[in-house]
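A.B. asks:
Number of protein chains: 2
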Amino acid sequence: MFIREMTRREIVDLLAASRFGRLACTKDNQPYVVPINLAYAEDHLYSFSMPGQKIDWMRANPQVCVQVDEFSGHREWRSAIAYGVYEELTDTPQWKREREHAWSLLHDRPNWWEPGGLKPGPQPVVRDPTHIFYRVALKTLTGRQALEGEEISRRPAREKH
Amino acid sequence: MFIREMTRREIVDLLAASRFGRLACTKDNQPYVVPINLAYAEDHLYSFSMPGQKIDWMRANPQVCVQVDEFSGHREWRSAIAYGVYEELTDTPQWKREREHAWSLLHDRPNWWEPGGLKPGPQPVVRDPTHIFYRVALKTLTGRQALEGEEISRRPAREKH
């Protein structure tokens, strides 16, 4: 097995293929991490949530970190981390287009409402004021990939992410 | 589908059954989240890592958050969050017993060294100074479970974790 750094292109591809990840936010030096459904489009990750702690914390401090990974085979995996900034897609004309875009990306996913909240009623969530749509504007991306086989080039011993 | 809060006993059982989770730490209001291997014992989560960003950040700010989850069935899942404090099991006589305990919990896991670092050499990791053993002293635990079926009691709409 060997571990290599992923390229930005590979990281974006992994984000685009991901339906699920973990989002960390922080308040007063206390981190908080939760699973989220997500969809990638044009340097943003789109998601939604019930009101609650993570929305409260991201409103107060928009610096967030999202982690996604993929396991394939016995010892092969890819893990990517995206640092970004929380942007709430409020239910106002200003964000109408982005909310509808988020809805179009997220609504046809199996179990797409989990674990973002309770199963919505007959009204689509985009019209449900108890759901909050948001996106993360991506800034710095890092990723590592573990592959079976011989190590081609020795990686530095220091962890890079 | 309905969602319920998990009891502390259920959360501890989920932590004890988990081999893998996500750890979030924070520096200067910037969160960071990474996958870790872990093992639960007596109100602590044990793990190890190569030197790097998360160790640097946890040394500077020991407040961490660990998230584990389990999916079973189409829409059923459990997710638990543990807030805790980072404690480094330094390679000194003071922490010898805890390091050996961590080793005993972690060493027989399939792929237990992933993604904590590169594959170790013939020396066991407990003797490898490039690996850092640590544990998280657990403080507050929260957990939610989604179950198929009718909602028995309506949960409050506000997200609890």
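Going down the list, the protein sequences come from chains A and B.
All residue numbers in the first sequence are consecutive under this note's numbering, ending with 188.
All residue numbers in the second sequence are consecutive under this note's numbering, ending with 188.
All residues carry an ideal CB built from backbone N, CA and C; glycine is no exception.
In this text, all values refer to a predicted model and were calculated from it rather than measured experimentally.
#1: Measuring straight from C-alpha to C-alpha, what distance separates M28 (chain B) and F98 (chain B)?
#2: What is the rounded straight-line gap between the Cα of N88 (chain B) and the Cα of T117 (chain A)?
#3: Would you say V60 (chain A) and L50 (chain A) are within 8 Å of each other, going by their C-beta atoms?
#4: With distances taken between CB atoms, is the gap from Q94 (chain B) to P62 (chain A) smaller than 8 Å?
#5: Please list, in chain order, all residues of the same chain as V91 (chain A) whose beta carbon is under 8 Å from its beta carbon, the five residues on each side excluded.
#6: Give the residues from the segment 74-91 of chain A that approach chain B closer than 9 Å (Cβ to any Cβ), ordered along the chain.
#7: Ordered along the chain, which non-local residues of its own chain (more than five positions away) have a Cβ less than 7 Å from that of M33 (chain B)?
#8: Counting only C-beta atoms, is A44 (chain B) closer than 8 Å to chain A at any point?
#9: What three-state label does DSSP hand L7 (chain B) in the structure shown?
#10: Kindly list the residues whose CB is nearer than 7 Å to the CB of L189 (chain A), restricted to its own chain and excluding five residues on each side of it in sequence; keep chain order.
#11: List the residues that DSSP assigns as beta-bridge partners of G48 (chain B).
#12: Excluding sequence positions up to five away, which residues of its chain have a Cβ less than 7 Å from the Cβ of A190 (chain B)?
#13: Can you check DSSP and say which residues form a bridge with K54 (chain A)?
#14: Give the secondary structure of H71 (chain A) by DSSP, where H, G and I count as helix, E and B as strand, and everything else as coil.
#15: With DSSP collapsed to three states, give me the class of L41 (chain B).
#16: Taking any Cβ of chain B, which residues in the segment 54-67 of chain A have a Cβ under 7 Å from it, in chain order?
#17: Using a C-beta cutoff of 8 Å, does R49 (chain A) count as contacting chain B?
#18: Identify every residue that forms a DSSP beta bridge with V104 (chain B).
#19: Report the residue from A:E103, A:K166, A:F47 whose alpha carbon sits nearest the alpha carbon of R31 (chain A).
#20: Would you say Y73 (chain B) and L168 (chain B) are within 8 Å of each other, going by their C-beta atoms?
#21: Closer than 8 Å, Cβ to any Cβ of chain B: which residues of the segment 105-120 of chain A, in chain order?
#22: Any beta-carbon of chain B closer than 8 Å to the one on D70 (chain A)?
#23: Can a CB atom of chain B be found closer than 8 Å to the CB of V172 (chain A)?
#24: From this set, A:D55, A:F47, A:L174, A:N64, which residue's C-alpha is nearest V159 (chain A)'s C-alpha?
#25: Excluding five sequence neighbours on each side, which residues of the same chain lie with their C-beta closer than 6 Å to the C-beta of S45 (chain B)?
#26: Per DSSP, which one or two residues make a beta bridge with I30 (chain B)?
#27: Listing by chain order, which chain B residues have their CB less than 7 Å from the CB of D96 (chain A)?
#28: Could you give the distance in angstroms between the alpha-carbon of G176 (chain B) and the alpha-carbon of F47 (chain A)?
#29: Among B:D55, B:W122, B:E37, B:E115, which one has its Cα closest to the Cα of M77 (chain B)?
#30: Measure the alpha-carbon distance for E15 (chain A) versus Q121 (chain A) and round it to whole angstroms.
#31: Can you tell me whether H71 (chain A) is buried or exposed, with buried defined as 16 or more other CB within 10 angstroms of its CB?
C.D. replies: Reading from the atomic positions:
#1: Against the second sequence, residue 28 (chain B) aligns to sequence position 1. Against the second sequence, residue 98 (chain B) aligns to sequence position 71. If I take the Cα positions, the gap works out to 14 Å.
#2: The residue you call residue 88 (chain B) lines up with position 61 of the second sequence. The residue you call residue 117 (chain A) lines up with position 90 of the first sequence. Their Cα atoms are separated by approximately 33 Å.
#3: On the first sequence, position 33 is the one that residue 60 (chain A) refers to. On the first sequence, position 23 is the one that residue 50 (chain A) refers to. For V60 (chain A) and L50 (chain A), yes; Cβs fall inside 8 Å.
#4: In the second sequence, residue 94 (chain B) corresponds to position 67, counting from 1. In the first sequence, residue 62 (chain A) corresponds to position 35, counting from 1. Taking 8 Å as the Cβ cut-off, Q94 (chain B) and P62 (chain A) qualify as a contacting pair.
#5: Reading the first sequence from its first residue, position 64 is the one you call residue 91 (chain A). Cβ neighbours of V91 (chain A) beyond the five flanking positions: L50, A51, C52, M85, Y110, G111, V112, Y113, V163.
#6: So the list reads S76, M77, P78, G79, Q80, K81, I82, N88, Q90, V91, given in the order they occur along the chain.
#7: On the second sequence, residue 33 (chain B) is found 6 positions in, with the first residue counted as 1. Closer than 7 Å at Cβ, skipping near neighbours: R105, A107, G170, R171, Q172.
#8: Looking up residue 44 (chain B) in the second sequence gives position 17. Chain A, which has no Cβ nearer than 8 Å to the Cβ of A44 (chain B), makes this no.
#9: As displayed, chain B neither begins before 28 nor continues past 188, which places residue 7 (chain B) out of reach and without an answer.
#10: The structure shown does not extend to residue 189 (chain A), since chain A is modelled only from 28 through 188, so no value can be given for it.
#11: Your numbering for residue 48 (chain B) matches position 21 in the second sequence. DSSP output for G48 (chain B) lists B:I63 as bridge partner(s).
#12: With chain B represented from 28 up to 188, any question about residue 190 (chain B) goes unanswered, as that position is not in the structure.
#13: Here residue 54 (chain A) refers to the residue found at position 27 of the first sequence. Per DSSP, A:Q57.
#14: In the first sequence, residue 71 (chain A) corresponds to position 44, counting from 1. Three-state result, H71 (chain A): strand.
#15: Counting from one through the second sequence, the residue named residue 41 (chain B) turns up at place 14. It is helical.
#16: N56, Q57, P58, Y59, V60, V61, P62
#17: For the purposes of this step, residue 49 (chain A) is taken as the residue at position 22 of the first sequence. Yes, R49 (chain A) counts as interfacial toward chain B.
#18: Counting from 1 along the second sequence, the entry for residue 104 (chain B) is found at position 77. Residue 104 (chain B) is actually Trp in this sequence, not Val. In DSSP, W104 (chain B) forms a bridge with B:F98, B:A173.
#19: Walking along the first sequence from the start, residue 31 (chain A) turns up at place 4. Nearest C-alpha to R31 (chain A): A:E103.
#20: Position 46 of the second sequence holds residue 73 (chain B). Position 141 of the second sequence holds residue 168 (chain B). It is not a contact, given that the beta carbons lie outside the stated cut-off.
#21: S106, I108, Y110
#22: In the first sequence, counting from the first residue as 1, residue 70 (chain A) sits at position 43. Not an interface residue.
#23: Position 145 of the first sequence holds residue 172 (chain A). For the record, residue 172 (chain A) in the displayed sequence is Gln; it is not Val. It does not; no Cβ of chain B falls within 8 Å.
#24: In the first sequence, counting from the first residue as 1, residue 159 (chain A) sits at position 132. According to the sequence displayed, residue 159 (chain A) carries Ile and not Val. For the residues A:D55, A:F47, A:L174, A:N64, the minimum Cα distance to I159 (chain A) belongs to A:N64.
#25: To locate residue 45 (chain B), count along the second sequence from 1; it is residue 18. Result list for S45 (chain B): V95, in chain order.
#26: Here the question's residue 30 (chain B) lines up with position 3 in the second sequence. BP columns for I30 (chain B) point to B:A173.
#27: Walking along the first sequence from the start, residue 96 (chain A) turns up at place 69. Within chain B, the residues near D96 (chain A) are P62.
#28: In the second sequence, counting from the first residue as 1, residue 176 (chain B) sits at position 149. In the first sequence, counting from the first residue as 1, residue 47 (chain A) sits at position 20. In a straight line, the C-alpha of G176 (chain B) is about 23 Å away from that of F47 (chain A).
#29: On the second sequence, residue 77 (chain B) is found 50 positions in, with the first residue counted as 1. When each option's Cα is compared against that of M77 (chain B), the closest is B:E115.
#30: Lying before the first or after the last residue shown, residue 15 (chain A) is absent from chain A, which here runs from 28 to 188.
#31: One-based indexing of the first sequence puts residue 71 (chain A) at position 44. It is buried - the Cβ of H71 (chain A) has at least 16 other Cβ atoms within 10 Å.
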